[in-house]
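**Student:**
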Amino acid sequence: MEDEANARRVLLNMKREITDRMSRTGRFGLDDAMRDELGELSMADNHPADVASELFERGKDLGLQRLMEQRLDEVERALVALEEGRYGVCQNCGRPIGAERMEANPLAVECIRCRERQEELGYDLVRPVEESFLMPFYGRSNLDHSDKNEFDGEDSWQAVARYNQRPGYDHEYDIPLDRDDMDDNEGIVDPMDRVSNEEYRAQRP
1065 MEDEANARRV LLNMKREITD RMSRTGRFGL DDAMRDELGE LSMADNHPAD
1115 VASELFERGK DLGLQRLMEQ RLDEVERALV ALEEGRYGVC QNCGRPIGAE
1165 RMEANPLAVE CIRCRERQEE LGYDLVRPVE ESFLMPFYGR SNLDHSDKNE
1215 FDGEDSWQAV ARYNQRPGYD HEYDIPLDRD DMDDNEGIVD PMDRVSNEEY
1265 RAQRP
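Rendered as structure tokens:
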């Protein structure tokens, strides 16, 4: 009974800290309109790059707000589990979660054994099942390991990557070109800028 009272006190303190933090910061600044931060009536005529810092800060605020909402939801579920007598019981195997683990993380819902098993499964556990068919990228149709000499999946990707490439650039796939062979006026604004002083003097009568 004493352990249950201590757990309830810890959870209520966590809930109060989260709600107080969200209240003090105005939901991390999300209560304030962006036009108040920028001092402009509208952002419709602004390029996102012109307000990059403000957009970054707003994205960070959204992330912090979502994190606090998620943590608050975990606290609420822990309080419900405490009332129903499920607090401290692993939701996977039904075994009691160790007291040391619950003391370190009062929001734990899995025992250490189930948690370690889940971490061993890793990335694939939470990814859509369709990705097992899509990966590896173009790998199912890659024929480099065989004797076939035909247009395969890798070639199709390279063809797409070449699309809309400007000819003459150094990253051209098939033909390595010297920078002097480039037909683009790189680094200049007007074609006259390419005329050197020597060429200009040679043209004078």
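Adding 1064 to a residue's 1-based position in the sequence shown gives its number in our numbering. Glycine included, C-beta positions come from ideal geometry on N, C-alpha and C.
1. Relative to the C-alpha of C1154, which candidate in G1093, A1172, E1140, H1111 has its C-alpha closest?
2. For the alpha helix (DSSP H) that Y1151 lies in, which residues bound it at each end?
3. Does the segment 1073-1092 touch the segment 1126-1145, meaning 3 or more C-beta pairs lie closer than 8 Å?
4. When the Cβ atoms of the segment 1159-1173 are set against those of the segment 1081-1089, are three or more pairs found closer than 8 Å?
5. In terms of alpha-carbon separation, which member of L1131, R1130, A1097 lies closest to L1119?
6. Three-state secondary structure (DSSP) at P1255?
7. Use the C-beta contact count for P1170: other C-beta atoms within 10 angstroms, 16 or more gives buried, fewer gives exposed.
8. Does the segment 1129-1139 come close enough to the segment 1067-1083 to have 3 or more Cβ pairs within less than 8 Å?
9. Just list the residues that DSSP pairs P1160 with in beta bridges.
10. From E1167, E1148, M1132, V1115, pick the residue whose C-alpha is nearest to that of N1070; which is it?
11. Pull up the distance between the alpha-carbon of L1131 and that of Q1222, whole angstroms please.
12. Which term fits L1075, buried or exposed, when burial requires 16 or more other beta carbons within 10 angstroms of its beta carbon?
13. Given that a residue counts as buried once 16 or more other Cβ atoms are within 10 Å of its Cβ, and exposed if not, what is G1149?
14. Please name the residue in L1143, E1140, R1179 whose C-alpha comes closest to that of G1158.
15. Less than 8 Å between the CB atoms is what I'm expecting for L1146 and E1068, so what's the real figure, rounded?
16. Go ahead and pull the three-state DSSP assignment for G1217.
17. Within the continuous alpha helix (DSSP H) that includes E1262, where are the two ends?
**Tutor:** According to the structure data:
1. Taking the sequence shown and counting its residues from 1, one reaches residue 1154 at position 90. Of the candidates G1093, A1172, E1140, H1111, the one whose C-alpha sits nearest the C-alpha of C1154 is A1172.
2. The residue you call residue 1151 lines up with position 87 of the sequence shown. First-last for Y1151: undefined, no H or E at that position.
3. Contact between the segment 1126-1145 and the segment 1073-1092 is present: 3 or more CB-CB pairs across the two stretches fall below 8 Å.
4. no
5. As a first step, residue 1119 must be located in the sequence shown, where it is residue number 55. Closest option to L1119, Cα to Cα, is A1097.
6. Within the sequence shown, the letter at position 191 stands for residue 1255. P1255 falls in the helix class under three-state DSSP.
7. Here residue 1170 refers to the residue found at position 106 when the sequence shown is read from its first residue. It counts as buried.
8. Remark: three or more beta-carbon pairs, one from each stretch, lie closer than 8 Å, so the segment 1129-1139 and the segment 1067-1083 are flagged as touching.
9. The residue labelled residue 1160 in the question sits at position 96 within the sequence shown. Per DSSP, V1153.
10. Translated into the one-based positions of the sequence shown, residue 1070 becomes position 6. When only C-alpha atoms are compared, the closest one is E1167.
11. The residue labelled residue 1131 in the question sits at position 67 within the sequence shown. The residue labelled residue 1222 in the question sits at position 158 within the sequence shown. For L1131 and Q1222, the distance between alpha carbons rounds to 41 Å.
12. In the sequence shown, the residue the question calls residue 1075 occupies position 11. Counting Cβ neighbours within 10 Å, L1075 comes out buried, since at least 16 surround it.
13. By one-based count along the sequence shown, residue 1149 stands at place 85. Under this definition G1149 is an exposed residue.
14. Position 94 of the sequence shown holds residue 1158. Here the closest residue by C-alpha is R1179.
15. Locating residue 1146 in the sequence shown gives position 82, where the first residue counts as 1. Locating residue 1068 in the sequence shown gives position 4, where the first residue counts as 1. At roughly 7 Å, the Cβ-Cβ gap stays under 8 Å, so L1146 and E1068 are in contact.
16. In the sequence shown, counting from the first residue as 1, residue 1217 sits at position 153. Note: G1217 maps to helix in three-state DSSP.
17. As a working note, residue 1262 is residue 198 in the sequence shown. Segment 1261-1267, the alpha helix (DSSP H) holding E1262.
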